[in-house]
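*Asks:* Going by the numbering used here, the residue at position 12 of the sequence shown is 54; the numbering climbs one at a time, nothing skipped. Here it is, the structure, as structure tokens.
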Amino acid sequence: MFFAIFGIVVGIFLNWKNSRLGYWLNLIVVSVGDIGYIIYLIIPGYVALIPGAFGPITWLLAVLFSTIGILGANQSR
């Protein structure tokens with residue numbers, strides 16, 4: 043629950059303005075939460091792969107698009 047609340051708060055207050063600090067904070071903290079979820083719940087089979095993989099897939103897409111966004115914002119400055 044901490045990872046989700048942290049990601050939402052940082053997203054609202056920092057990432058909305060393309061903050062590099064917000065990008066790195068969210069990247070590190072949310073990645074730790076999602077990697078832990080994959081290692082400890084999906085791989086051992088406690089969570090089924092099909093519904094359980096939607097969160098990590100969304101996380102990968104968010105990392106991709108936020109990286110594109112932060113790089114694009116830095117190039118336009």
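Just so it is clear, CB atoms sit at the ideal spot from N, CA and C, and this is done for glycine as well. Given the structure is predicted, the values throughout are model-derived calculations rather than measurements.
CB F55 to CB G75, shorter than 9 Å?
*Replies:* Along the sequence shown, one-based indexing puts residue 55 at 13. Along the sequence shown, one-based indexing puts residue 75 at 33. Cβ distance not < 9 Å, so F55 and G75 don't count as in contact.
*Asks:* Output the distance between the C-alpha atoms of G87 and K59, rounded to the nearest integer angstrom.
*Replies:* On the sequence shown, position 45 is the one that residue 87 refers to. On the sequence shown, position 17 is the one that residue 59 refers to. Answer to the nearest angstrom: the Cα atoms are 39 Å apart.
*Asks:* From the DSSP output, in three-state form, read off P93 for me.
*Replies:* Along the sequence shown, one-based indexing puts residue 93 at 51. If DSSP states are grouped into helix, strand and coil, P93 belongs with the helices.
*Asks:* Between the segment 60-75 and the segment 103-111, are three or more C-beta pairs nearer than 8 Å?
*Replies:* At 8 Å Cβ cutoff, the stretches touch.
*Asks:* Identify, in the order they occur along the chain, each residue of the same chain with its Cβ nearer than 6 Å to the Cβ of G64, setting aside the five sequence neighbours on each side.
*Replies:* Your numbering for residue 64 matches position 22 in the sequence shown. Result list for G64: V52, L56 and N57, in chain order.
*Asks:* Could you check the C-alpha separation between L120 and V89 for me, to the nearest Å?
*Replies:* Shown here, the chain extends from 43 to 119; a query on residue 120 therefore has no answer.
*Asks:* Between P93 and Y79, is the Cβ-Cβ spacing less than 9 Å?
*Replies:* Taking the first residue of the sequence shown as position 1, residue 93 is located at position 51. Taking the first residue of the sequence shown as position 1, residue 79 is located at position 37. Contact: no.
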